[in-house]
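Written out below as structure tokens is the structure these notes cover.
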Amino acid sequence: MPVIVLEARDFTSPLFLVRTLEVFSSCTAFSLVASLEHKSSNSSSDPSSDTFSIFCMFTWCFFFVITLLIHIISIIQFHSLIPISWKNLTMTVALLGVMMSLSSTVVFPWIVMDHGTVSPRALAATVASGLTFVAYAAESCVLRTQAHEQRGYISSLPGFLKIIQLWGGLKMIPLMVIISNMTTGILWQFWICCVSYGTCIFISLVILVVILGDFAGRCLLPFDRFLAAFSLIGVLLYMLATVICLTKILQMGETESNPHNLNVVIMETVVSSVTLLAYTVDLAFSIKLLCDRSHI
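Heads up, the sequence shown is in UniProt numbering, so the first residue is 1 and it goes up one at a time.
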């Protein structure tokens with residue numbers, strides 16, 4: 001099968017330009033932060049700084065690599081030979097890039113950056129991370145405005161909710177690492193939250209694999225019931241985790257002397273609440289879809 005390269009006008013299309021900006025800005029962000037890593041590790045006294053620094057670096061590096069691959073494959077028009085749903089893959093990367101880049105843009109200047117001696121490179125890295133967020137947001141808008149037959153399931157509102165659910169689970173990983181190093185808190189609460197978040201991450205990845213691989217027709221259960229069951233599990237687990245988080249805030253508000261520990265638990269509660277809302281709305285959509293099909 002011959003390889004087809006984009007025509008000259010395609011190199012000035014909005015999609016080509018925003019993906020170029022994504023690659024450039026994410027590369028700039030992690031390159032600047034990598035040059036400051038030895039300085040920040042010595043000067044930072046925040047125990048969560050190293051963990052969130054790894055989170056930010058992973059975000060920028062991962063999306064730089066995956067976006068560069070998508071960019072190259074789009075240029076040589078090789079995506080027709082890849083056994084995955086290309087329209088769902090590109091929208092998944094764009095939406096998840098929006099959420100993860102926004103998280104890095106907020107977390108890096110707030111927690112990772114050394115506020116005592118602010119470096120111009122650190123400020124430039126924050127700006128580059130912000131540009132990455134803007135570029136991914138622009139790409140998601142461009143993909144959303146394509147013709148209906150060119151848009152996949154991820155472009156719909158239920159698909160976007162699936163991305164929020166995955167983002168919430170990924171955001172919990174560095175938070176759980178930080179909380180595991182705290183000397184306060186009850187051990188069983190920590191492990192229940194870890195099991196809940198881990199189960200939901202696994203569920204989100206399974207759903208994503210089914211969607212990207214177009215395996216919906218091969219599921220043992222109808223795909224709509226499959227999604228409804230997973231959404232219900234996510235609602236129950238995140239409801240349990242959110243209640244535990246609120247309980248920990250009340251307990252730490254009375255006894256905790258370190259405000260940093262309390263801030264981390266509050267961050268966990270906010271992310272858990274947002275993810276719980278995404279699962280709840282997704283479950284409502286799934287139930288409505290099942291009811292509509294039952295009346296046909």
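We put the beta carbon where it would ideally sit given N, CA and C, even for glycine.
Beta-carbon spacing of residue i, residue j below 8 Å
i: Cys194; j: Leu237; result: no
i: Ile266; j: Ile249; result: yes
i: Leu21; j: Arg121; result: no
i: Thr67; j: Arg19; result: yes
i: Ser104; j: Cys61; result: no
i: Thr275; j: Gly168; result: yes
i: Gln189; j: Ile244; result: yes
i: Met172; j: Tyr197; result: yes
i: Thr90; j: Ile111; result: no
i: Phe133; j: Leu102; result: yes
i: Ile186; j: Ser48; result: no
i: Ala241; j: Ser272; result: yes
i: Phe230; j: Ile207; result: yes
i: Leu15; j: Val142; result: yes
i: Ala29; j: Ala125; result: yes
i: Leu283; j: Val235; result: yes
i: Asp214; j: Arg293; result: no
Where residue i falls: helix, strand or coil (DSSP)
i: Phe55; result: helix
i: Asn261; result: helix
i: Arg151; result: coil
i: Ile82; result: coil
i: Val106; result: helix
i: Thr280; result: helix
i: Asp50; result: helix
i: Met182; result: coil
i: Gln77; result: coil
i: Val118; result: coil
i: Met176; result: helix
i: Met1; result: Reliability of the predicted coordinates at Met1 is poor, the pLDDT of 46 falling under 50, and the value obtained from them is presented with this limitation in mind. Reduced to three states, the DSSP call for Met1 is coil.
i: Val18; result: helix
i: Thr92; result: helix
i: Lys39; result: Bear in mind that the predicted position of Lys39 carries a pLDDT of just 48, short of 50, making it too unreliable to give a figure here.
i: Gln146; result: coil
i: Ser44; result: The predicted model places Ser44 with a pLDDT of 44, which falls under 50 and marks its position as unreliable; any figure quoted below should be read in that light. Coil at Ser44, not helix or strand.
i: Ser129; result: helix
i: Ser286; result: helix
i: Ala31; result: In the sequence under discussion, the amino acid at residue 31 is Ser, which differs from the Ala named in the question. Three-state DSSP puts Ser31 in a helix.
i: residue 302; result: What is shown of the chain runs 1 to 296, which leaves residue 302 out entirely.
i: Met99; result: helix
i: Ser156; result: coil
i: Arg293; result: helix
Proximity test, residue i beta-carbon vs the ligand ATP heavy atom, cut-off 7 Å
i: Val65; result: By its list of ligands, the structure shown contains no ligand whatsoever, and the ligand ATP lies outside what it can speak to.
Review point. With a cut-off of 8 Å, do at least 3 Cβ pairs link the region 114-129 to the region 153-172?
Key: no
Exercise for review: Please confirm if the region 149-160 is in contact with the region 77-92, defined as three or more CB-CB distances below 8 Å between the two stretches.
Suggested key: The answer is yes - the region 77-92 touches the region 149-160, with three or more Cβ pairs under 8 Å.
Review point. What residue ranges within the region 201-278 form continuous alpha helix (DSSP H) runs of no fewer than 4 residues, ordered along the chain?
Key: 223-255
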